[in-house]
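Participant: Submitted below is the structure of interest, expressed as structure tokens.
Residue numbers (my numbering), protein chains in the order written: chain A, 2 to 116; chain B, 2 to 108.
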């Protein structure tokens with residue numbers, strides 16, 4: 002297992018289009034966390050999911066953003082009708098359990114550019 | 002408001018020198034305090050994890066300290082190498098991250 006895989010690494014979207022970011026957790030990990038990192042800013046928590054469940058979405062904007070982690074396949078972060086302010090690096094992390102000490106690992110991120 | 006503040010914002014040191022990065026947090030209740038190294042264009046990589054009762058944790062040339070009373074942590078890097086050039090991020094649990102210290106190790 003190569004670790005947490007995110008794709009695409011870079012994504013360019015025009016304003017108004019949809020962006021779909023994928024995160025494949027480490028093998029055996031059923032907990033996924035999504036973060037956004039703006040230039041010169043820290044990581045901002047967005048959403049925490051377990052398989053088929055959203056556990057905590059307190060950091061995710063109420064409109065245009067959604068996340069899922071289906072029983073099979075990667076976790077998806079979807080941004081509808083993107084705007085320039087959505088341009089950022091989006092990272093996911095996965096863990097074996099809800100306790101962060103159990104192999105909590107970040108992916109390399111998807112850099113979204115909205116033009 | 003739960004926050005993590007890091008200083009300095011950026012730092013340049015000569016190869017082989019030591020340095021110390023600071024982290025102050027106001028997060029309550031306490032969650033494990035982590036230090037990460039983030040290379041440009043990559044995701045953060047965990048360096049140390051400290052529980053409430055730990056004062057010091059080492060990982061090779063990296064040593065983290067924690068004072069839970071004053072809510073301060075530090076990361077000390079010994080005998081710096083060019084590959085240490087990166088951003089170093091302090092975080093409380095999974096929700097609150099500092100903005101990082103950008104370290105440049107110069108030859």
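The C-beta atom is built at its ideal place from N, Cα and C for all residues, glycine as well.
From a predicted model like this one, the values you see are computed outputs, not experimental measurements.
Kindly say whether residue 91/A, judged by its beta-carbon, lies nearer than 8 Å to any beta-carbon of chain B.
Facilitator: So, not an interface residue.
Participant: Does the separation of the CB atoms of residue 169/A and residue 114/A fall below 8 Å?
Facilitator: It is not possible to answer for residue 169/A, since the shown part of chain A is limited to 2 through 116.
Participant: Consult DSSP for residue 12/A and reduce its assignment to one of helix, strand or coil.
Facilitator: If DSSP states are grouped into helix, strand and coil, residue 12/A belongs with the strands.
Participant: Any Cβ of chain B within less than 8 Å of the Cβ of residue 88/A?
Facilitator: Answer no: the Cβ-Cβ gap between residue 88/A and chain B never drops below 8 Å.
Participant: Could you check what DSSP says for residue 155/A in three-state terms: helix, strand or coil?
Facilitator: Given a span of 2 to 116 for chain A in the structure shown, any question on residue 155/A remains unanswerable.
Participant: Quick one: does residue 45/B have its CB under 8 Å from some CB of chain A?
Facilitator: Yes - at least one Cβ of chain A is within 8 Å of the one on residue 45/B.
Participant: Any beta carbon from chain B within less than 8 Å of residue 126/A's own beta carbon?
Facilitator: The question about residue 126/A has no answer here: the residues shown for chain A are numbered 2 through 116.
Participant: Put residue 1/A into one of helix, strand or coil per three-state DSSP.
Facilitator: Because residue 1/A is not part of the residues shown, which for chain A are 2 to 116, the question remains open.
Participant: Given a limit of 8 Å on CB to CB distance, which residues of the segment 79-96 of chain B reach chain A?
Facilitator: Answer set for the segment 79-96 of chain B: 90, 92, 94, 95 and 96.
Participant: Residues of chain B with a CB under 9 Å from the CB of residue 66/A: which are they?
Facilitator: Those do not exist, as residue 66/A stays about 17 Å from chain B at its closest Cβ, beyond 9 Å.
Participant: Taking the C-alpha atoms as reference points, what is the distance between residue 108/A and residue 86/A?
Facilitator: Going from the Cα of residue 108/A to the Cα of residue 86/A covers about 22 Å.
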